Amino acid sequence: MNFWETVTGSDLTREWKAFEARAAVLPEAHRAAWEEIKGHLFPHGDFTGRNLMPIHDSALGLLEETAADGLSVDEVLGDDIGGFCAALVGGEGARTYRDRWREQLNRNVARKLKRLEG
Numbered sequence: 206m207n208f209w210e211t212v213t214g215s216d217l218t219r220e221w222k223a224f225e226a227r228a229a230v231l232p233e234a235h236r237a238a239w240e241e242i243k244g245h246l247f248p249h250g251d252f253t254g255r256n257l258m259p260i261h262d263s264a265l266g267l268l269e270e271t272a273a274d275g276l277s278v279d280e281v282l283g284d285d286i287g288g289f290c291a292a293l294v295g296g297e298g299a300r301t302y303r304d305r306w307r308e309q310l311n312r313n314v315a316r317k318l319k320r321l322e323g
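In terms of our numbering, the sequence shown opens at residue 206 and continues consecutively.
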């Protein structure tokens, strides 16, 4: 990966297309689980989503292995895919991008108010 790819995000686009190509050959139930996993993981990403790429890769790898072994999604992930995804990103209550932005906004507002008082 060179600097230009990092700046433009073309490396992420290429990697994401590879994920989607891998997911396209999965059985229907596994593809549905992949879509749900993506939805649950997205809020935990940073601005670019680069921090989630290894997690997506591992989750997709798990789905590929279970499909190859003939296991159902429920046997592997259970009925709580949201809980499974929360465990992947650091447990229930893991910080999302909204939490980080909220904290940053609160710090900035507190700093501005402090200047007005003093």
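Heads up, the beta-carbon is just placed ideally off N, CA and C, and yes, glycines get one too. Just so we're clear, the structure is a prediction, and the values are computed from it rather than from any experiment.
Any idea if residue i is buried or exposed, counting beta-carbon neighbours within 10 angstroms, 16 or more meaning buried?
{"i": "Thr213", "result": "exposed"}
{"i": "Val278", "result": "buried"}
{"i": "Glu282", "result": "For clarity, residue 282 is Leu in the given sequence; the question names Glu instead. The residue is buried, with at least 16 neighbouring Cβ atoms inside 10 Å."}
{"i": "Ala238", "result": "buried"}
Mind checking whether residue i and residue j have CB atoms under 7 angstroms apart?
{"i": "Pro232", "j": "Ala273", "result": "no"}
{"i": "Phe224", "j": "Leu265", "result": "yes"}
{"i": "His235", "j": "Val294", "result": "no"}
{"i": "Gly288", "j": "His245", "result": "no"}
From the DSSP output, in three-state form, read off residue i for me.
{"i": "Asn313", "result": "helix"}
Kindly indicate which residue of the options has the alpha-carbon position closest to the one of residue i.
{"i": "Ile260", "options": "Lys222, Cys290, Arg305, Ala234", "result": "Cys290"}
{"i": "Ala228", "options": "Leu217, Ile242, Ser215, Asp216", "result": "Ile242"}
{"i": "Ser215", "options": "Gly244, Ala226, Thr253", "result": "Thr253"}
{"i": "Thr211", "options": "Arg255, Asp304, Ser263", "result": "Arg255"}
{"i": "Val230", "options": "Glu270, Glu220, Trp209", "result": "Glu270"}
{"i": "Trp221", "options": "Asn311, Asn207, Met258", "result": "Met258"}
Minimum length 4: unbroken alpha helix (DSSP H) runs contained in the segment 229–304:
Whole alpha helix (DSSP H) segments, 4+ residues: 233–246, 258–274, 278–282, 286–293.
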